[in-house]
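Report on one structure; see the data block that follows.
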Amino acid sequence: MKKRKIKLQVLVLAIVVIGMTLIGICVVNNSPFSSNIIDSNKIKIRDGTNGNLYVLEDEDALSLSSKLLDFDVKVSGVNTWSSGYKYKIEFFVGENIEEIIIKSENSFVKGLLTYEANEDIVKLVESVISK
0 MKKRKIKLQV LVLAIVVIGM TLIGICVVNN SPFSSNIIDS NKIKIRDGTN
50 GNLYVLEDED ALSLSSKLLD FDVKVSGVNT WSSGYKYKIE FFVGENIEEI
100 IIKSENSFVK GLLTYEANED IVKLVESVIS K
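Going by numbering that gives the first Met the number 0, the residue at position 18 of the sequence shown is 17; the numbering climbs one at a time, nothing skipped.
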């Protein structure tokens, strides 16, 4: 009986340590945009409403990347499950692809984290693709 209680305490302690580590990673990794997206030579934007695909290259890609890097962004939660999106943006940097999923005007997802932006990211994307 006593061994069982000790095992339970160790399990709870392990869960707490893992949880605190994940929270620490979220706080340290505050920006979802790595600085290398500025080197993106191509950006694909998929409209989640109608499925249209927009491809930005060269100056247009550079313009969108630099504007996104200027956003003030903070982690707002963990993305456990979601369906649907407003826009999906893929940044092509050499052989690497970085992807963000825009959910609403100020909310987007990258990887397992949900972020809040200080500006309307949908308005920015729509201004770029309407050109």
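Cβ coordinates follow ideal geometry from the N, Cα and C atoms, glycine included.
Source: prediction; values computed, not measured.
Checklist entry - Do I96 and S65 have their C-beta atoms within less than 8 Å of each other? => result Taking the C-beta atoms as reference points, S65 is found no nearer than 8 Å to I96.
* If you follow the alpha helix (DSSP H) that E125 is part of, which residue opens it and which one closes it? -> Note, E125: alpha helix (DSSP H), I120 to I128.
query = How far does the beta strand (DSSP E) with D46 in it reach, from first residue to last?
reply = It spans K41 to D46 - the beta strand (DSSP E) in which D46 sits, taken as one unbroken run.
Can you check DSSP and say which residues form a bridge with L112? DSSP output for L112 lists V77 and K109 as bridge partner(s).
inquiry  = Using a Cβ-Cβ cutoff of less than 6 Å, which residues in the same chain neighbour E89 once the five nearest sequence positions on both sides are dropped?
reply    = For E89, the CB contacts under 6 Å within the same chain, skipping 5 residues up- and downstream, are K43, I96 and E98 in chain order.
request  = State the start and end residues of the unbroken alpha helix (DSSP H) segment that holds K66.
outcome  = Counting along the chain, K66 sits inside the alpha helix (DSSP H) bounded by residues E58 to L68.
Q) For L67, is the classification buried or exposed, using 16 other Cβ atoms within 10 angstroms of its Cβ as the cut-off for buried? A) Buried: at least 16 other Cβ atoms inside 10 Å.
Review point. Are K85 and G47 close, meaning C-beta to C-beta below 8 Å?
Key: Yes.
**Q.** Reduced DSSP category for K102 - H, G, I as helix; E, B as strand; rest coil
**A.** Secondary structure at K102: coil, using DSSP grouped into helix, strand and coil.
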